[in-house]
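In what follows, a single structure is set out as structure tokens and then discussed.
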Amino acid sequence: MILFFPWLLMGASVSFYALVLSYSLGSLEVSDYARNSTPRAGMPSGDELR
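Encoded structure:
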């Protein structure tokens with residue numbers, strides 16, 4: 005158990021950092037896609053609403 009605990013802690017921290025990194029990259033990609041995408045199905049973009 006003493007040898008297992010550091011590996012468990014390291015695995016949890018690595019998985020947490022991977023989750024945060026993937027979430028931040030995903031939100032960046034979604035925001036870039038929403039900013040650069042053309043309007044679909046006749047929905048007006050933010051520039052057309054202004």
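First residue of the sequence shown: 5, per our numbering; consecutive thereafter. For each residue, glycine too, the CB sits at the ideal point set by N, CA and C.
Inset, instruction - Please state whether DSSP places R25 in a helix, a strand or coil. - result: What you label residue 25 is simply residue 21 of the sequence shown in a count that begins at 1. As written in the sequence, residue 25 is Leu, which differs from the Arg given in the question. Correct three-state label for L25: helix.
Inset, instruction - Would you tell me roughly how many angstroms separate the C-alpha atoms of G15 and G30, rounded to the nearest one? - result: Here residue 15 is taken as the residue at index 11 of the sequence shown, counted from 1. Here residue 30 is taken as the residue at index 26 of the sequence shown, counted from 1. If I take the Cα positions, the gap works out to 22 Å.
Legend entry - Through-space distance from L7 to Y27, alpha-carbon basis: Counted from its first residue, the sequence shown places residue 27 at position 23. Counted from its first residue, the sequence shown places residue 7 at position 3. Roughly 31 Å separates the two Cα atoms.
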